[in-house]
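Residue numbers (this note's numbering): 2 to 206. Structure first, commentary second.
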């Protein structure tokens, strides 16, 4: 019985240490591309840039926290840009829209997460690194929806959608990254509880 308790105690200790460590980190990066001038043709797809990112659902079965990083954002008039993140199920949140006015940016990195600062309301404020809250979390549509609201990655592509809604300016994005944590593992905790129950049944009569 003493040996059984020792084994179970070791398993429980390992489980607790895993839980104390917290969730498991993940990070995926995808290339960006051109953010073209919408022009004047009236085409509904002109000025729309769609950048996919594939997340391995076997590595990321659930999402606890999520952060978006835009790397190398260049645009002569970022006020023109509406940026959305769309998950594989079609759920979308507005990341940023009509900010920065005509203060052009060159090779800017911007970070967004649910604990960042609120984006400046003043349209004349130049864009900066952040981290910022996504606009949907504060004053977007639907209100109160942040990056952490995404809970399962699925098996298809995530989409970063950039819409340049005004003719006359253009830009590009080097890449974007989704990083975060999955919930802390429970496998070891369940193993420890099961082992303790089995061993006690075997030795306690």
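Here a beta-carbon is modelled for each residue, glycine too, at the ideal position from N, C-alpha and C.
DSSP beta-bridge partners of residue i
i	result
residue 181	27 and 67
residue 72	176
residue 100	Note: residue 100 sits in no beta bridge, so no partner.
residue 32	176
residue 49	164
Beta-carbon proximity list for residue i, same chain, < 8 Å, skipping 5 on both sides
i	result
residue 118	131, 132, 133 and 134
For residue i, three-class secondary structure by DSSP
i	result
residue 79	helix
residue 108	strand
residue 54	strand
residue 86	strand
residue 115	strand
residue 61	coil
Whole-Å CB distance - residue i paired with residue j, under 8 Å assumed
i	j	result
residue 75	residue 173	5 Å
residue 213	residue 163	No information on residue 213 is available, as it lies outside the stretch 2 to 206 that the chain covers here.
residue 166	residue 48	7 Å
residue 38	residue 171	4 Å
Same chain only: Cβ atoms within 7 Å of residue i, ignoring 5 sequence neighbours per side
i	result
residue 66	149, 181 and 182
residue 31	52, 53, 54, 176 and 177
residue 146	94, 137 and 138
residue 184	24, 63 and 65
Cutoff 6 Å; reference residue i; Cβ partners in own chain excluding five residues on either side
i	result
residue 99	80
residue 89	155 and 157
residue 110	72 and 130
residue 104	127
residue 26	182
residue 50	36 and 163
residue 70	112 and 178
- Item | 3 or more residues per run - each beta strand (DSSP E) lying fully within the region 127 to 177 | 158 to 165
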